[in-house]
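According to the numbering used here, the residues represented by the sequence shown are 37 to 265, in order.
Using N, Cα and C, we set each Cβ at its ideal position, and we do this for glycine too.
Predicted, not measured: the structure shown is a model, and the values here were computed from it.
Structure first, commentary second.
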Amino acid sequence: MRAEAADALLRAVLPPWAAGAARADDVAGPLFAGERALCAGCGPRREGEFATGRWCAHRALARLGVVPVEVGRGARGEPLWPPGILGSISHCTGFRAAAVCRSRDALALGIDVESDAPLPARVRSRLIRAEEAVRVRLEPAGERLLFSAKEAVYKACSALGEDAGAPPLAGIRIEVAPRDHGPGAGGRFAARVPEATGLTGLGRPVFEGRWHHSHGLVVTSCVIVRGHG
């Protein structure tokens, strides 16, 4: 997949006020000193994932109009963005991506990318509810879509901080809307999380999800915005 196609695949799930960058191959781009320290001693595969993820993060920041800076790592493994910026990094075999937005536009942003291979039976039975599966029964990678959507929601909740209490994947409920276009395209989804996860202080947060399926990949995003009432 060419770089332009990778970017387009990620852009398909981002709101217009967010920016992103993606690659289908690893890039030996320059890292900041603190970033190099984070992957010191990693094997070649993990080092490639990490370095390319940070490369995507730097490019996404630049596309948002922000001077690229070191993207560190928090105590829970989350990327540490500059003040006023929210973001997320994800990777799977053959794809790395990062997305960012300004904190004035959302409470949190999470992205996830997965191969469209079938979910293992043990994962499906533990994480996918029957009522969720019914909504995606006609999708070629419906259960993988649900899994990826839950991951994106989890990452967005995690970005709100430890006090918010990210919900377990099994507790996240996904409602996939009908496709925007034909097969191989994408659409929207909504999410609900258990009330006990600590998000109640955010004024009924709304989870806005987008997904896209092509090139053997399922890409999802979740934006959390403050609701009304």
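Task: Delimiting residues of the beta strand (DSSP E) encompassing L253 - done: To locate residue 253, count along the sequence shown from 1; it is residue 217. Looking at the DSSP string, the run of the beta strand (DSSP E) that includes L253 is 253–261.
Task: Simplified DSSP assignment, three categories, for V189 - done: Numbered from 1 along the sequence shown, position 153 holds the residue referred to as residue 189. For V189, the three-state secondary structure derived from DSSP is helix.
Open item on the list: Taking its Cβ as the centre, do 16 or more other Cβ atoms sit within 10 Å of G263, making it buried, or is it exposed?
Closed with: Start at 1 with the first residue of the sequence shown, and residue 263 comes out as number 227. Counting the other CB atoms within 10 Å of its CB gives G263 a total below 16, which places it among the exposed residues.
TODO: State yes or no: is the beta carbon of P203 nearer than 9 Å to at least one beta carbon in chain C?
DONE: Absent here is chain C; the protein component of the structure consists of one chain.
Task: Nearest-angstrom Cα separation, counted from R138 out to I121 - done: By 1-based counting over the sequence shown, the position of residue 121 is 85. By 1-based counting over the sequence shown, the position of residue 138 is 102. Those two C-alpha atoms are separated by around 5 Å.
TODO: Scan the stretch 92–158 and note each continuous beta strand (DSSP E) run of 3 residues or more that stays entirely inside, going in chain order.
DONE: List check, beta strand (DSSP E) in window: 121–128, 131–138, 144–151.
- [ ] Answer with buried or exposed for S124, where buried requires no fewer than 16 other C-beta atoms within 10 angstroms of its C-beta.
- [x] In the sequence shown, counting from the first residue as 1, residue 124 sits at position 88. Burial check for S124: the Cβ neighbour count within 10 Å reaches 16 or more, so the residue is buried.
Open item on the list: Could you pull the DSSP bridge partners for W247 from this structure?
Closed with: If you number the sequence shown from 1, residue 247 lands on position 211. DSSP, once it has assigned bridges, lists G223, T256 as partnering W247.
Open item on the list: Rounded to the nearest angstrom, what separates A232 and R38 at their Cα positions?
Closed with: Start at 1 with the first residue of the sequence shown, and residue 232 comes out as number 196. Start at 1 with the first residue of the sequence shown, and residue 38 comes out as number 2. Confidence is the limiting factor: at A232 the pLDDT is only 49, short of 50, which leaves the residue's position unreliable, though a coordinate-based value still follows. Going from the Cα of A232 to the Cα of R38 covers about 43 Å.
Open item on the list: I want to check one thing, is the minimum distance from the CB of R171 to the heavy atoms of the ligand MG below 8 Å?
Closed with: This structure does not include the ligand MG; it has no bound ligands of any sort.
TODO: Tell me whether G110 is buried or exposed, calling it buried when 16 or more other Cβ atoms sit within 10 Å of its Cβ.
DONE: On the sequence shown, residue 110 is found 74 positions in, with the first residue counted as 1. The Cβ neighbour count for G110, taken over all protein chains shown within 10 Å, is under 16; the residue is labelled exposed.
TODO: Compute the distance between the beta-carbons of F225 and G245, then report whether it is under 9 Å.
DONE: For the purposes of this step, residue 225 is identified with residue 189 of the sequence shown, where counting begins at 1. For the purposes of this step, residue 245 is identified with residue 209 of the sequence shown, where counting begins at 1. Yes, these two residues count as a Cβ contact at 9 Å.
TODO: Locate the alpha helix (DSSP H) running through G70, then write down its first and last residues.
DONE: Locating residue 70 in the sequence shown gives position 34, counting from the first residue. Where G70 is concerned, the enclosing alpha helix (DSSP H) stretches over 69–74.
Task: Backbone secondary structure at G65 - three-state DSSP - done: Translated into the one-based positions of the sequence shown, residue 65 becomes position 29. Correct three-state label for G65: coil.
Task: Candidates L100, T88, R160, of which the one nearest P51 by Cα - done: Mapped onto the sequence shown, residue 51 falls at position 15. Measuring from the Cα of P51, the nearest candidate turns out to be L100.
- [ ] Classify A221 as buried or exposed, calling it buried when 16 or more other Cβ atoms lie within 10 Å of its own Cβ.
- [x] The residue you call residue 221 lines up with position 185 of the sequence shown. By the neighbour-count criterion, in which a residue is buried when 16 or more other Cβ atoms sit within 10 angstroms of its Cβ, A221 is exposed.
TODO: Measure the alpha-carbon distance for A57 versus A227 and round it to whole angstroms.
DONE: Taking the first residue of the sequence shown as 1, we reach residue 57 at position 21. Taking the first residue of the sequence shown as 1, we reach residue 227 at position 191. The straight-line gap from Cα to Cα measures roughly 25 Å.
Task: 8 Å Cβ shell around A213 - same chain, five flanking residues per side excluded - done: Translated into the one-based positions of the sequence shown, residue 213 becomes position 177. Counting only Cβ-Cβ distances below 8 Å, and skipping sequence neighbours, we find G223, R224, F225, A226.
Task: Boundaries (first-last residue) of the beta strand (DSSP E) holding L55 - done: As a position in the sequence shown, residue 55 is number 19, starting the count at 1. Inspection of the sequence shows that residue 55 is occupied by Ala rather than by Leu. Per DSSP, A55 belongs to the beta strand (DSSP E) from 55–59.
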